[in-house]
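Reading through the structure tokens given below for one structure.
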Amino acid sequence: MYQQRLPIILASKSPRRQELLSAMNLDFKVVLKEVDESYPDQLLPAEIAVYIAEKKAKAFDEDSKGSIIVTADTIVAYNGEILGKPEDAHHATEMLTKLSGTNHQVYTGVSLICNGKMRSFYDTTEVFFNTLSQEQISYYIKNYNPMDKAGAYGIQDWIGLIAVEKIIGSYTNVMGLPTEKLYKVLADNTWLL
35 MYQQRLPIIL ASKSPRRQEL LSAMNLDFKV VLKEVDESYP DQLLPAEIAV YIAEKKAKAF
95 DEDSKGSIIV TADTIVAYNG EILGKPEDAH HATEMLTKLS GTNHQVYTGV SLICNGKMRS
155 FYDTTEVFFN TLSQEQISYY IKNYNPMDKA GAYGIQDWIG LIAVEKIIGS YTNVMGLPTE
215 KLYKVLADNT WLL
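Put into structure tokens, the structure is as follows:
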């Protein structure tokens with residue numbers, strides 16, 4: 035059982051990550067810093083997610099004295115193509131049209147840093163989408179906010195209820211934070227020694 039002894043700082047503006055940490059009964063505060071999210075072209079999707087999460091964590095290295103900083107980055111990969119956050123409604127429509135009736139992977143990289151020591155990991159979930167009509171895609175984009183979500187969708191939204199046929203892996207990973215793995219890392223604090 036994890037007993038929280040150190041303050042936790044979530045370095046993410048994602049409301050979904052904040053909801054998940056709250057649901058885990060963790061006491062935390064949110065602190066943000068701007069970080070360049072570019073990455074080397076040769077990286078694989080899982081490596082990209084971890085690379086960006088580690089860049090975010092390193093930005094907090096000086097702030098990690100006596101606190102555990104938690105950073106994360108989620109990406110969607112479809113046939114080897116990285117689907118980040120959409121630029122506009124047209125881009126979101128293109129992404130959701132690609133995902134319709136197919137399967138894709140969601141990768142979340144997580145980094146924790148405390149007193150200069152870092153622990154990073156990632157999780158992968160395979161998501162299978164039903165075929166979506168253009169009317170359903172337009173409805174979702176108009177009535178929900180897919181612009182801040184990798185792959186232009188949130189599994190916890192309406193589209194997740196009607197479009198996701200099945201997943202293989204962690205549901206919370208698709209939301210942006212694999213809580214099952216995070217809990218294990220927090221409980222096994224040997225990385226802090």
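Residues 35 to 227 in the working numbering are what the sequence shown lists, from first letter to last.
Don't be surprised by glycine CBs; every beta carbon is placed ideally from N, CA and C.
- Query: Should residue 61 go down as buried or exposed, given a rule of 16 or more other Cβ atoms within 10 Å for buried?
  - Reply: In the sequence shown, the residue the question calls residue 61 occupies position 27. By the neighbour-count rule (16 or more Cβ atoms within 10 Å), residue 61 is not buried but exposed.
- Message: I need the boundaries of the beta strand (DSSP E) containing residue 139, first residue and last residue.
- Response: Within the sequence shown, the letter at position 105 stands for residue 139. Taken as a continuous stretch (DSSP letters only), the beta strand (DSSP E) holding residue 139 covers 137-148.
- Task: With DSSP collapsed to three states, give me the class of residue 107.
- Result: Counted from its first residue, the sequence shown places residue 107 at position 73. Correct three-state label for residue 107: strand.
- Message: Does the stretch 156-176 come into contact with the stretch 199-206, if we say contact requires no fewer than three beta-carbon pairs (one atom in each stretch) closer than 8 Å?
- Response: The answer is yes - the stretch 199-206 touches the stretch 156-176, with three or more Cβ pairs under 8 Å.
- Would a C-beta distance cut-off of 8 Å place residue 143 and residue 184 closer than the cut-off? Within the sequence shown, numbered from 1, the residue matching residue 143 stands at position 109. Within the sequence shown, numbered from 1, the residue matching residue 184 stands at position 150. Their beta carbons are not under 8 Å apart, which means residue 143 does not touch residue 184 by this criterion.
- Taking Cβ positions, are residue 91 and residue 145 nearer each other than 8 Å? Indexing the sequence shown from 1 puts residue 91 at position 57. Indexing the sequence shown from 1 puts residue 145 at position 111. Going by C-beta atoms, residue 91 is nearer than 8 Å to residue 145.
- Three-way DSSP call (helix, strand, coil) for residue 152 in this model: Within the sequence shown, residue 152 is the residue found at index 118, counting from 1. Correct three-state label for residue 152: strand.
- Message: DSSP three-state label for residue 198, please.
- Response: In the sequence shown, the residue the question calls residue 198 occupies position 164. Of the three classes helix, strand and coil, the one that applies to residue 198 here is strand, per DSSP.
- State the Cα-Cα distance for the pair residue 38 and residue 172, rounded to the nearest angstrom. The residue given as residue 38 occupies position 4 in the sequence shown. The residue given as residue 172 occupies position 138 in the sequence shown. For residue 38 and residue 172, the distance between alpha carbons rounds to 44 Å.
- Using the rule of at least 16 other Cβ atoms within 10 Å of the residue's Cβ for burial, across every protein chain shown, is residue 114 buried or exposed? What you label residue 114 is simply residue 80 of the sequence shown in a count that begins at 1. With fewer than 16 other Cβ atoms within 10 Å, it is exposed.
- Please name the residue, chosen from 95, 119, 170, 71, that lies closest to residue 195 on a Cα-to-Cα basis. Within the sequence shown, numbered from 1, the residue matching residue 195 stands at position 161. Comparing Cα positions, the closest option is 170.
- Item | Spatial distance of residue 76 from residue 151 (CA atoms) | Within the sequence shown, the letter at position 42 stands for residue 76. Within the sequence shown, the letter at position 117 stands for residue 151. The alpha-carbon atoms of residue 76 and residue 151 are separated by roughly 26 Å.
- Item | Per-residue DSSP class, three states only, for residue 92 | Numbered from 1 along the sequence shown, position 58 holds the residue referred to as residue 92. It is helical.
- Message: Measuring straight from C-alpha to C-alpha, what distance separates residue 192 and residue 227?
- Response: Within the sequence shown, the letter at position 158 stands for residue 192. Within the sequence shown, the letter at position 193 stands for residue 227. Our two residues, residue 192 and residue 227, have alpha carbons roughly 44 Å apart in a direct line.
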